[in-house]
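When we follow my numbering, the leftmost residue of the sequence shown carries the number 139, and every step to the right adds one.
Backbone N, C-alpha and C fix where the C-beta goes; we use that ideal spot for every residue, glycine too.
Treat the numbers as computed from the prediction; the structure is a model and nothing was measured.
Some notes on the structure that comes next.
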Amino acid sequence: MVNQPPFHAYASMTLLYDLHTHSTASDGTLSPSALVARAAEKGVRRLALTDHDTFAGQAEAGAAADQAGIDLVAGIELSVRWNNRELHMLGLWVDPEEATLSGLVARQAGAREARARKMGKKLDKAAGLAESYERACALAGSEVPGRPWFARVLVERGRARNMQHAFNRFLKQGQSGFVATPWVDLDEAVAAVRAAGGIAVIAHPTRYGLTRRKLRQLLRDFTDAGGQGLEAAMPGMTRQQHELVAECLRDFDLAASGGSDFHSPEQLWLELGKLPELPAGVTPVWDIAG
Ligand code: MN
Ligand code: MN
Ligand code: MN
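Put into structure tokens, the structure is as follows:
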């Protein structure tokens, strides 16, 4: 991954926030409480834990946040389907107990599990491995193994030079180990987040390789479905991306969110709470929360 320095200084806000982070409840390397401790150490005052398709880390994070005096926002990052693409959508300020959303999350977990088993079978065949599913499970610990864990198995067994090579050679769409997952539709995910009292936010809009036209089409569908937010402050944004996102916020009347997408202290190019400023004049997502 390229370490792209941001084009302007980091936000000098009085209240540091980070509304997109991961823990060991999904593919992060810090436990929920260690993540909260690190956030506190970096001066973050409002933190959302947004693990992939699970609320498993929320209780531990909540207790740690109470201790540290941090405002913890209950969140999740859902993998969703839109026009045959896989996109990521955040649900922020959600009630994890609410039935519609927790039902959807349970279904997503089932889909993840089925995908992992299928991926294991395909890789065993394509890469001449044995029991790659079992090995990926062992590496992943409590999490259902996703592609990064299978990439590690491929590296460990000498079938790929490194993680990137494993993705390019076996795991990317179109490669022999790729398995499409029946993720929930965008519309349904938005409805479930709203049913749970939360705000739906399109995550990292500049990371999907969408043209400006496609992105606008996505945001039209998203707002029609009741979506209210767009991630607008992310580490390493270019000026061009910043301008595109600002235009989208304005044209679709969306609230702006921001987050580092922190997974691990090993990501040396990003840090909890270290975000560019939101575009001038936009509504921050916390202003419409509650
Ligand atoms: Mn992740
Ligand atoms: Mn994501
Ligand atoms: Mn993420």
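Local Cβ density within 10 Å of residue i, reported as buried at 16 or more and exposed below that
{"i": "residue 414", "result": "buried"}
{"i": "residue 153", "result": "exposed"}
{"i": "residue 260", "result": "buried"}
{"i": "residue 192", "result": "buried"}
{"i": "residue 250", "result": "buried"}
{"i": "residue 270", "result": "buried"}
{"i": "residue 407", "result": "exposed"}
{"i": "residue 276", "result": "exposed"}
{"i": "residue 349", "result": "exposed"}
{"i": "residue 379", "result": "buried"}
{"i": "residue 196", "result": "buried"}
{"i": "residue 340", "result": "buried"}
{"i": "residue 274", "result": "buried"}
{"i": "residue 258", "result": "buried"}
{"i": "residue 351", "result": "exposed"}
{"i": "residue 166", "result": "buried"}
{"i": "residue 318", "result": "exposed"}
{"i": "residue 428", "result": "exposed"}
{"i": "residue 388", "result": "exposed"}
{"i": "residue 179", "result": "exposed"}
Nearest-angstrom beta carbon gap, residue j and residue i [assumed within contact, 8 Å]
{"i": "residue 324", "j": "residue 362", "result": "Their Cβ separation, rounded to whole angstroms, is 10 Å, which puts residue 324 and residue 362 out of contact at 8 Å."}
{"i": "residue 384", "j": "residue 423", "result": "No, residue 384 and residue 423 are not in contact; Cβ-Cβ is about 15 Å, not under 8 Å."}
{"i": "residue 398", "j": "residue 159", "result": "7 Å"}
{"i": "residue 230", "j": "residue 336", "result": "6 Å"}
{"i": "residue 282", "j": "residue 247", "result": "7 Å"}
Pairwise C-alpha distance: residue j and residue i
{"i": "residue 169", "j": "residue 391", "result": "36 Å"}
{"i": "residue 156", "j": "residue 410", "result": "6 Å"}
{"i": "residue 243", "j": "residue 418", "result": "35 Å"}
{"i": "residue 210", "j": "residue 365", "result": "22 Å"}
{"i": "residue 253", "j": "residue 346", "result": "21 Å"}
{"i": "residue 344", "j": "residue 220", "result": "15 Å"}
{"i": "residue 295", "j": "residue 267", "result": "8 Å"}
{"i": "residue 432", "j": "residue 421", "result": "As shown, the chain starts at 139 and ends at 428. That puts residue 432 outside it, with no answer to give."}
{"i": "residue 147", "j": "residue 241", "result": "Low local confidence applies: a pLDDT of 47 at residue 147 is under 50, so the model's placement there is unreliable, and no value is given."}
{"i": "residue 212", "j": "residue 205", "result": "16 Å"}
{"i": "residue 331", "j": "residue 285", "result": "26 Å"}
{"i": "residue 381", "j": "residue 280", "result": "40 Å"}
{"i": "residue 357", "j": "residue 370", "result": "13 Å"}
{"i": "residue 177", "j": "residue 256", "result": "37 Å"}
{"i": "residue 292", "j": "residue 298", "result": "6 Å"}
{"i": "residue 311", "j": "residue 353", "result": "20 Å"}
{"i": "residue 194", "j": "residue 305", "result": "27 Å"}
Residues bridged to residue i (per DSSP)
{"i": "residue 184", "result": "155 and 209"}
{"i": "residue 223", "result": "220"}
{"i": "residue 337", "result": "230"}
{"i": "residue 215", "result": "190 and 228"}
{"i": "residue 322", "result": "218"}
{"i": "residue 394", "result": "368 and 422"}
{"i": "residue 400", "result": "159"}
Residue nearest to residue i in terms of C-alpha spacing, selected from the options
{"i": "residue 202", "options": "218, 355 and 173", "result": "173"}
{"i": "residue 190", "options": "227, 175 and 210", "result": "227"}
{"i": "residue 185", "options": "283, 412 and 334", "result": "412"}
{"i": "residue 224", "options": "401, 342, 393 and 273", "result": "342"}
{"i": "residue 207", "options": "181, 352, 188 and 216", "result": "181"}
{"i": "residue 217", "options": "314, 320 and 286", "result": "320"}
{"i": "residue 396", "options": "372, 389, 387 and 405", "result": "372"}
{"i": "residue 199", "options": "215, 163 and 222", "result": "163"}
{"i": "residue 245", "options": "376, 377 and 322", "result": "322"}
{"i": "residue 313", "options": "355, 265 and 290", "result": "265"}
{"i": "residue 236", "options": "289, 400 and 334", "result": "334"}
{"i": "residue 329", "options": "183, 307 and 232", "result": "232"}
{"i": "residue 405", "options": "386, 374 and 416", "result": "374"}
{"i": "residue 338", "options": "171, 222 and 239", "result": "239"}
{"i": "residue 308", "options": "263, 272 and 161", "result": "263"}
{"i": "residue 377", "options": "315, 287 and 416", "result": "416"}
Ligand 4 site residues, beta-carbon cut 5 Å against heavy atoms: For ligand 4, the structure offers nothing, since it holds only ligand 1, ligand 2 and ligand 3.
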